[in-house]
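Participant: Protein sequences appear in the order of chains U and Y.
For the first sequence, counting from 1, position 116 maps to 116 in UniProt numbering; every step adds exactly one.
For the second sequence, counting from 1, position 140 maps to 140 in UniProt numbering; every step adds exactly one.
Cβ atoms here follow ideal geometry from the backbone N, Cα and C, with glycine treated the same way.
If you scroll down you'll find the structure; I have some questions about it.
Number of protein chains: 2
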Amino acid sequence: MKTKRIKDLFHNGVPDENATIQGWLRTKRELKEFTFIEVNDGSSLKNLQVILDKTISNYEETIVRLNTGSSVEVSGTLATSPGKNQNIELKATTIKIYGDSNPETYPLQKKRHSFEFLRTIGHLRNRTNTLGAVMRIRNSCAMAIHKFFQEKGFMLIHTPIITVNDCEGAGDLFKVTNFDLSNIPRNEKGNTEYTQDFFGKPAYLTVSGQLEAEVMAMAFQNVYTFGPTFRAENSNTSRHLAEFWMVEPEMAFCDLEGNQDVAEEFLKYVFKSVLQSCPEDMEFFNKYIDSTVLETAEKITNKKFERITYTNAINLLENSNKLFEYAVEWGIDLQAEHERYLAEEVFKSPVIVTNYPTVTKAFYMRLNDDQKTVAAMDILFPKIGEIIGGSQREERLDILEERLQAQNIITEDLSWYLDLRRYGTVPHSGFGLGFERMVQFMTGVKNIREVIPFPRTPLNAEF
Amino acid sequence: MKTKRIKDLFHNGVPDENATIQGWLRTKRELKEFTFIEVNDGSSLKNLQVILDKTISNYEETIVRLNTGSSVEVSGTLATSPGKNQNIELKATTIKIYGDSNPETYPLQKKRHSFEFLRTIGHLRNRTNTLGAVMRIRNSCAMAIHKFFQEKGFMLIHTPIITVNDCEGAGDLFKVTNFDLSNIPRNEKGNTEYTQDFFGKPAYLTVSGQLEAEVMAMAFQNVYTFGPTFRAENSNTSRHLAEFWMVEPEMAFCDLEGNQDVAEEFLKYVFKSVLQSCPEDMEFFNKYIDSTVLETAEKITNKKFERITYTNAINLLENSNKLFEYAVEWGIDLQAEHERYLAEEVFKSPVIVTNYPTVTKAFYMRLNDDQKTVAAMDILFPKIGEIIGGSQREERLDILEERLQAQNIITEDLSWYLDLRRYGTVPHSGFGLGFERMVQFMTGVKNIREVIPFPRTPLNAEF
């Protein structure tokens, strides 16, 4: 007996006289002669309606045991349904219950639960419509990312999670240790004796795979990472996670212009791909979560992104009659309010802002000829702000060394990184995409904790 | 000007009157009237031969600067080569050097370097033939894994890296903390005050995503993880890494038989896919690293795996006339020598051994009716031993609770895991594949540190 997925049943259509499905009961409606149940197997948002009647040998004893959450296997004939909203239904000939579900204690009864409550039952919340749809979109989005890069000849690389580099300054780092925390070895001066730790020196969880991706790009030209990254920031917001997944392509022989081209093509490709592969789930979000997600996604796939320099962006902001919380002047870090104004009000479209002031950006970004700006780019989306940050990297050894000194970074620790500029250096560029931010934006879900299966945030690493 | 990848030039063939490539010089051979250089761009094992001659305006000044490791851009006409072993070559009309490479200091000169030496220059070693081929196979292998599961309707899920579960007992756990290690908060009893740490309790790096994958399988039926996992074991061997990538599918409504079927189909699919997509790289390994890798890979894709119970395996071992270092009797953990004897000498094929003694296996494996064994499976490969370990999971609440108690695991910490058995429990199964072990096996490379870009091992987390 080969079981079928409910998604495929809806897709293949009727009649199918030999259909067997396995899944979990969502609702039950008992009538005199029949019982209707709706079964979901996670393959689609839609449940499959199943009709049980008294010709089934174990009908009576089964019906009383069926509850929301019960696991079942049903065989029968798939036919057109006379009921409204149900194009097909399964007329059962046999049903088997694998596991019961006590309605007195099962937390997921048929009603709308708050996301906050659902987070407390993270091991069950994926059985709801919303979380189910999020996870299917997440899967589809991840696959579209791989497909885009592979089709363009990029190599997937796994950059390290544990690192001894602490020089990126992208925020607080989690420490990784094998020490017994209640008994940390000290040297005679009372300092931690790291030579006795697993890696022989202080080790951390990575905040970015970029520096290592640059290593790989200098051998394979075009590469990308897709892995977890970490921030030990105490940020309890709807946009921050302590553990999240990043996508970081890195391209040799590529300048800032090429970087923008790839990033725009990439975003368009991924949105288009998800719209095509998950139309039902996307409609669900548009209907119940955020009524603009479909229109926004269509716009992103179809409209050319605006491109503007930081300096011009500052001019636009200064000449707007808008009152911003943070005052605008050349040299500031653009704040979310500024970014959203540009994307939502000025351009009504995604915008790529380039060439930011040197002082606001990391050491590895390429210094422009004006000496005041670096070849950075941020892609700003309406409503969300920055979705991608990237840059052309500084490929000139002498200038890179000056930048490191100016930021008081010990160049010895990065001698391997400098070697990339010593031997066969090339112009190169890359960018980073926060994967959960993308899923959040795509689905319109307000809190980032809903778009990752098991969110890690301050004081929370449950399940 | 659109540049082309060298792999595509070899694939598309000649003539191409307008070819531009970018890459790194591997060798240079100066003749009176010409200079031959070989350029590699990471897309293929093969270098592209380029002919430079005096019609190029900057010929003289360029030739003297060209060294192994220099980065170049060359344009010209691709034509059939008269030389032996070279089916095509690029007759250059222009050449540009992006970055020099000082032959006095560049560590990768044209000679064979030991893998040990190459590890010390992990930021440059990917520019060698062997590491280049490994990384292309690694990429191909990763994509085949995604493709297999996606085609079968499995959902990719990201299980957490940071976890507060310490109950899997799969070896030593790395600790993750935000504490200043030189000043750890203590309570009045002198114990570590974990409530002040980032997650409010002791946190670790995951050793497996399985328990969380079970959560997801109970909503989406078939899921798989592909993520990093960690062991803080002080094992300095050619088969151990402190950080490595695992693939862990988990299937609801699937028993041990189904689990074996999927695992076998999976391995065959991935090997076949890599043989097809990387024939040159595979031939390279067969020629220079291990002359059996092609034959072995072919066997795996074509031959039905043997299936045998642990009890029968013990009988076979006992009745062999072989002297083993570890004595054979029912109840022992099979050692590498036993596994290899079965796969290499008895069956000369991959073997799936099932139903191991309960005492040797983890709490979550399903207890068989004989009460002495659990529904575990290990897939043993010739030469390498175990490549996959898996099991049917214990889906019965009462028996699972007994197993946990017997192993002194506090069930409160796993109440969420037990809930999966309380609400709609189903038979389910899964397995784990060590990704680097697979790449190691496929390529025949002896040390696992060569098959991951940046290996993490005791006292080593460089780059």
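Can you name the residues of chain Y whose CB is closer than 7 Å to the CB of Ala219 of chain U?
Facilitator: Going along chain Y in sequence order, the residues near Ala219 of chain U (Cβ under 7 Å) are Gly42, Asn126, Arg127 and Gly132.
Participant: Using 8 Å for Cβ pairs, my map puts Arg422 of chain U next to Arg393 of chain U. What's the rounded Cβ distance?
Facilitator: Contact doesn't hold; Cβ gap of about 15 Å is too wide.
Participant: Give a yes or no on whether 7 Å exceeds the smallest Cβ distance from Glu306 of chain Y to chain U.
Facilitator: Answer no: the Cβ-Cβ gap between Glu306 of chain Y and chain U never drops below 7 Å.
Participant: What did DSSP end up calling Gly209 of chain Y once you bin it into helix, strand or coil?
Facilitator: In this structure, Gly209 of chain Y counts as coil in the three-state DSSP scheme.
Participant: Under a Cβ-count criterion, where at least 16 other Cβ atoms within 10 Å of its own Cβ denotes burial, should Thr105 of chain Y be classed as buried or exposed?
Facilitator: Exposed, because fewer than 16 other Cβ atoms sit within 10 Å of the Cβ of Thr105 of chain Y.
Participant: Using a Cβ-Cβ distance cut-off of 7 Å, determine whether Asp419 of chain U contacts chain Y.
Facilitator: Yes, Asp419 of chain U counts as interfacial toward chain Y.
Participant: Cβ closer than 9 Å: which chain Y residues qualify as neighbours of Gly153 of chain U?
Facilitator: Within chain Y, the residues near Gly153 of chain U are Arg5, Lys7, Asp8 and Ser43.
Participant: Taking C-alpha atoms, which residue in U:Thr177, U:Gly190 and U:Lys304 lies nearest to residue 471 of chain Y?
Facilitator: Any question about residue 471 of chain Y goes unanswered here, given that chain Y covers just 1 to 463.
Participant: Could you pull out every residue in the same chain whose Cβ sits closer than 6 Å to the Cβ of Phe226 of chain Y, ignoring the five residues on either side in sequence?
Facilitator: Cβ neighbours of Phe226 of chain Y beyond the five flanking positions: Val247.
Participant: Is Gln22 of chain U close to chain Y, meaning its C-beta is less than 7 Å from at least one C-beta of that chain?
Facilitator: Cβ-Cβ to chain Y under 7 Å: yes for Gln22 of chain U.
Participant: Between Leu156 of chain U and chain Y, is the shortest Cβ-Cβ distance under 7 Å, so that the two count as touching?
Facilitator: Answer yes: the Cβ-Cβ gap between Leu156 of chain U and chain Y drops below 7 Å somewhere.
Participant: Tell whether a beta-carbon distance below 7 Å holds between Leu118 of chain Y and Arg125 of chain Y.
Facilitator: Contact flag set, yes.
Participant: So Met442 of chain Y and Ile387 of chain Y are in contact, right, with Cβ under 8 Å, and what is the actual spacing, rounded?
Facilitator: That pair is no contact at about 10 Å.
Participant: Quick check on this structure: which residue in Y:Thr27, Y:Gly23, Y:Leu45 and Y:Arg29 has the alpha carbon closest to the alpha carbon of His11 of chain Y?
Facilitator: Checked all of Y:Thr27, Y:Gly23, Y:Leu45 and Y:Arg29; the closest Cα to His11 of chain Y is Y:Leu45.
Participant: Does the contact criterion of 3 or more C-beta pairs under 8 Å hold for the stretch 340-360 of chain U versus the stretch 305-321 of chain U?
Facilitator: Yes, they touch.
Participant: According to DSSP, what are the bridge partners of His428 of chain U?
Facilitator: Paired residues: U:Ala252 and U:Arg393.
Participant: Would Pro185 of chain Y pass as a contact of Ile157 of chain U if the rule is Cβ separation under 7 Å?
Facilitator: No; because the gap between Cβ atoms is not below 7 Å, this pair is not in contact.
Participant: Which partner residues does Gln22 of chain U have in the DSSP bridge list?
Facilitator: Answer by DSSP bridge pairing, in chain order: U:Glu73.
Participant: Between Tyr106 of chain U and chain Y, is there a C-beta pair that is closer than 7 Å?
Facilitator: Chain Y, which has a Cβ nearer than 7 Å to the Cβ of Tyr106 of chain U, makes this yes.
Participant: Just checking: is the beta-carbon of Arg231 of chain U within a distance shorter than 7 Å of some beta-carbon in chain Y?
Facilitator: So no, Arg231 of chain U is outside the interface.
Participant: Excluding the 5 residues preceding and the 5 following Pro202 of chain U in the sequence, name in chain order all residues of the same chain whose CB lies nearer than 6 Å to its CB.
Facilitator: Only Tyr194 meet the Cβ criterion.
Participant: Nearest CA to the CA of Ser140 of chain U: which residue from U:Asn321, U:Gln407 and U:Tyr269?
Facilitator: Nearest C-alpha to Ser140 of chain U: U:Tyr269.
Participant: Would you tell me roughly how many angstroms separate the C-alpha atoms of Gln440 of chain Y and Ile289 of chain Y, rounded to the nearest one?
Facilitator: If you take the alpha carbons of Gln440 of chain Y and Ile289 of chain Y, they lie about 11 Å apart.
Participant: Specify, as a first and last residue, the run of the alpha helix (DSSP H) that Asp281 of chain U falls within.
Facilitator: Unbroken alpha helix (DSSP H) run through Asp281 of chain U: Pro279 to Tyr288.
Participant: Counting only runs of 3+ residues fully inside the stretch 360-417 of chain Y, write out the beta strand (DSSP E) ranges in chain order.
Facilitator: You should have 373-381 and 385-393.
Participant: What are the residues that DSSP puts in a beta bridge with Leu433 of chain Y?
Facilitator: DSSP lists Y:Val247 and Y:Ile388 as partners of Leu433 of chain Y.
Participant: Throw me the rounded Cβ distance for the Ala79 of chain Y and Val14 of chain Y pair, which I believe falls under 8 Å.
Facilitator: With a Cβ gap of about 5 Å, Ala79 of chain Y and Val14 of chain Y count as contacting.
Participant: Answer yes or no: does any C-beta atom of chain U fall closer than 7 Å to that of Phe441 of chain Y?
Facilitator: Closer than 7 Å: no.
Participant: Looking at the structure shown, is Ile332 of chain Y part of a helix, part of a strand, or coil, going by DSSP?
Facilitator: Residue state, collapsed to three classes: coil.
Participant: Relative to chain U, which residues along the stretch 262-285 of chain Y have a C-beta separation below 7 Å, given in chain order?
Facilitator: Within the stretch 262-285 of chain Y, no residue qualifies.
Participant: On the criterion of 16 or more Cβ atoms from any shown chain inside 10 Å, does Thr411 of chain Y qualify as buried, or is it exposed?
Facilitator: With fewer than 16 other Cβ atoms within 10 Å, it is exposed.
Participant: Taking one C-beta from the stretch 62-75 of chain Y and one from the stretch 18-37 of chain Y each time, how about it: are there three or more such pairs within less than 8 Å?
Facilitator: Enough Cβ pairs lie closer than 8 Å, so yes.
Participant: Determine, using beta carbons only, whether Gln221 of chain U and Asp8 of chain Y come nearer to each other than 7 Å.
Facilitator: No, the Cβ-Cβ distance between Gln221 of chain U and Asp8 of chain Y is not below 7 Å.
Participant: For Ser101 of chain U and chain Y, any beta-carbon pair shorter than 7 Å?
Facilitator: True, the Cβ-Cβ gap to chain Y drops below 7 Å.
Participant: Exposed or buried, what is Trp245 of chain Y when buried is set at 16 or more other beta-carbons lying within 10 Å of its beta-carbon?
Facilitator: It counts as buried.
Participant: Is Thr301 of chain Y helix, strand or coil by DSSP?
Facilitator: Helix, per DSSP.
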